[in-house]
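In this note's numbering, the protein residues as written are 27 to 297.
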């Protein structure tokens with residue numbers, strides 16, 4: 027399976043920065059040399075169990091989940107069979123961001139999430155499958171998630187559901203908070219998930235949740251302005267993980283995962 031977007035050092039750094047701790051202060055509080063902590067964050071050295079546990083206590087991370095990350099043992103497995111939708115994934119370079127086509131079986135509606143690069147592969151996938159695009163869903167406005175939006179809209183005249191502070195596309199249908207949308211005959215639930223950006227959204231339909239960069243397999247996105255939005259990011263992750271355990275999560279980077287696996291294996295939310 028695909029490697030995780032973040033490793034042990036990324037998780038530690040994001041938590042440290044979210045709490046507003048300098049590397050030196052975090053190292054002092056954890057009882058280690060700053061150079062040692064810097065080496066963890068740069069993937070240059072691996073921690074001992076004692077060091078991992080000390081950082082988990084300091085940073086409010088799940089102790090066992092963080093140690094699994096340190097040992098490179100967390101590998102969520104996802105079975106897409108039995109879902110109420112078909113999924114086509116795209117990876118857009120240079121940032122390696124993911125976009126998705128979600129084809130809802132009951133209604134036949136097809137939704138495009140976060141067109142972050144060339145629209146060519148997306149349009150080709152629609153043609154090959156005979157799917158008709160009903161709408162574009164934008165989780166947040168970072169360029170690696172919307173760079174291909176204009177190209178899609180040049181080819182297909184469809185509505186764009188997004189927070190107006192995150193996206194100003196033609197055909198915008200503003201979504202400013204939690205909502206239940208009727209899109210192409212399908213029902214799409216919207217969760218308001220700020221933190222990575224000030225007004226992030228998560229879209230839930232067909233047994234999957236498109237979470238953008240709020241949550242990755244084993245990690246979270248970087249909090250906007252560090253401590254200013256870190257608590258919101260954590261709250262948004264917990265909101266996503268209040269969905270049924272079998273819900274498949276479609277993150278903006280890294281592999282697919284599920285709610286149940288993240289509740290147990292993501293250091294930011296695991297006990």
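Where a beta carbon is used, it is the ideal one built from N, C-alpha and C, also for glycine.
Quick check: residue i and residue j, are their CB atoms within less than 8 Å of each other?
i           : j           : result
residue 88  : residue 249 : no
residue 228 : residue 266 : yes
residue 109 : residue 232 : yes
residue 277 : residue 242 : yes
residue 138 : residue 106 : no
residue 140 : residue 171 : yes
residue 28  : residue 280 : yes
residue 193 : residue 214 : no
residue 92  : residue 81  : yes
residue 38  : residue 67  : yes
residue 145 : residue 177 : yes
residue 77  : residue 58  : yes
residue 246 : residue 97  : no
residue 149 : residue 173 : no
residue 216 : residue 273 : no
residue 116 : residue 129 : no
residue 269 : residue 230 : yes
residue 225 : residue 191 : yes
Quick test of your reading: residue i and residue j, contact by CB under 8 Å. State the CB separation rounded to the nearest angstrom.
i           : j           : result
residue 236 : residue 126 : 6 Å
residue 221 : residue 292 : Not a contact, Cβ separation roughly 14 Å.
residue 252 : residue 46  : 6 Å
residue 263 : residue 295 : 6 Å
In chain order, what residues of the same chain have a beta carbon less than 7 Å from the beta carbon of residue i, not counting five sequence neighbours either side?
i           : result
residue 287 : 102
residue 121 : 170
residue 135 : 160, 209, 210, 211 and 212
residue 218 : 203, 204 and 227
residue 55  : 84
residue 199 : 185, 186 and 187
residue 132 : 110
Where do the ends of the beta strand (DSSP E) carrying residue i lie?
i           : result
residue 214 : 212-218
residue 186 : 186-188
residue 162 : 159-163
residue 270 : Note, residue 270: premise wrong, no beta strand (DSSP E); not H, not E.
residue 206 : 205-209
residue 199 : 198-200
Using a Cβ-Cβ cut-off of 8 Å (strictly less than) and excluding sequence neighbours within five positions of residue i, which residues of its own chain qualify?
i           : result
residue 71  : 62 and 65
residue 179 : 162, 186, 195, 196 and 197
residue 94  : 100 and 291
residue 289 : 267, 271, 295 and 296
residue 36  : 67 and 245
Within a Cβ cutoff of 6 Å, which residues of the same chain sit near residue i, ignoring the five residues on either side of it in sequence?
i           : result
residue 118 : 142 and 143
residue 283 : 102, 243 and 275
residue 175 : 141 and 195
residue 354 : Here the chain covers residues 27 to 297 and nothing more, so residue 354 does not appear.
residue 90  : none
residue 31  : 242, 279 and 280
residue 166 : 192, 223, 226 and 238
residue 112 : 129
So residue i is in the alpha helix (DSSP H); what residue range does that whole segment cover?
i           : result
residue 285 : 285-291
residue 177 : 175-181
residue 151 : 146-155
residue 172 : 169-172
When you measure from the CB of residue i to every non-hydrogen atom of the ligand ZN, does any distance come out below 7 Å?
i           : result
residue 191 : Within the structure as shown, the ligand ZN is missing, as the structure has no ligands at all.
Mind pulling the beta strand (DSSP E) runs of 3 or more residues that sit fully within the region 64-141?
-> Whole beta strand (DSSP E) segments, 3+ residues: 111-118, 123-130 and 136-139.
Mind listing, in chain order, the continuous alpha helix (DSSP H) runs of no fewer than 4 residues lying wholly within the region 32-69?
-> Unbroken alpha helix (DSSP H) stretches of 4 residues or longer found wholly inside the region 32-69: 34-44, 49-56 and 60-67, given in chain order.
Ranges of the beta strand (DSSP E) found wholly within the region 221-254, counting only runs of at least 3 | 227-231 and 234-238, all fully within the region 221-254.
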